[in-house]
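Residue 48 in UniProt numbering sits at position 48 of the sequence shown; the count goes up by one each step and never skips.
Even glycine gets a Cβ: it sits at the ideal position worked out from N, Cα and C.
All of these numbers come straight from a predicted model, not from anything done at the bench.
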Amino acid sequence: MSGILLFWLIVVIVLVVIELATIQLVAIWPAIGGVFAMLAASFGQSLLIQFLLFVGISAVLLFFTRPFLKRFIKTPPRTSTNADRLIGREAVVCERIDNLAETGAVVVSGVTWMARSGTGAPIPAGEKVRIERIEGVKLIVSVE
């Protein structure tokens, strides 16, 4: 086996292994392009022709076939965590929320969470707020 055939074989094997590890329908197309480049090399085509076949076939397959096949691949739905279920719920401020001082906490269903104001305005203790989103371990809230 000539050196260039071995090169294309290694390229194809590496790309197939990457595709098997990621299953994203990205590395398989260059692997197929590599097979065509390897065939061109076995027929004695120049390195330029091999490279153009590799790039051209890979690009055509990636841009035209991948979107079509993605419709048939089921991606698992995003699983909500317990924290995600807090979004939209009402909470009571138990420690004054002040974004500049980086202080503030709210109570939701008996559990105390660090909180920040979604608008940046301070929110006094005792105020009822709505949970807008979660950033890290902090609830971002706004006055109802």
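Which same chain residues end up closer than 8 Å to residue i when comparing Cβ atoms and leaving out the 5 residues on each side of it in sequence?
i, result
"I73", "L25"
"L15", "A27, I28, P30, A31 and G34"
"G120", "N99"
"A91", "V106, V107, V108, W113, A115, K128, V129, R130, I131, L139 and V141"
Does DSSP classify residue i as helix, strand or coil?
i, result
"L139", "strand"
"V92", "strand"
"A21", "helix"
"F43", "coil"
Buried or exposed: which applies to residue i, given that a residue is buried once 16 or more other Cβ atoms fall within 10 Å of its Cβ?
i, result
"G136", "exposed"
"P124", "exposed"
"G33", "buried"
"I131", "buried"
"R133", "exposed"
"V106", "buried"
"V111", "exposed"
"A101", "exposed"
"I97", "buried"
Tell me which same chain residues have a C-beta within less than 6 Å of the C-beta of residue i, skipping the five on either side of it?
i, result
"V17", "none"
"E144", "K128 and R130"
What does the alpha-carbon distance come out to for the pair residue i and residue j?
i, j, result
"S142", "A59", "48 Å"
"G89", "G118", "It is Arg, not Gly, that sits at residue 89 in the sequence shown. Cα-Cα distance, rounded: 14 Å."
"P30", "V55", "7 Å"
"L69", "I4", "32 Å"
"R116", "G104", "6 Å"
"I87", "L52", "52 Å"
"L20", "I49", "28 Å"
"S109", "E127", "15 Å"
"M38", "R71", "31 Å"
"T65", "I57", "11 Å"
"A41", "L47", "8 Å"
"L61", "I10", "20 Å"
"C94", "A83", "19 Å"
Tell me, please, which residues DSSP counts as bridged to residue i.
i, result
"M114", "A105 and K138"
"V129", "A91 and V143"
"I32", "DSSP, once it has assigned bridges, lists no residue as partnering I32."
"I123", "I97"
Spell out whether any CB of chain B is found under 8 Å from the CB atom of residue i.
i, result
"I140", "Although the question refers to chain B, the structure presented lacks it and comprises just one protein chain."
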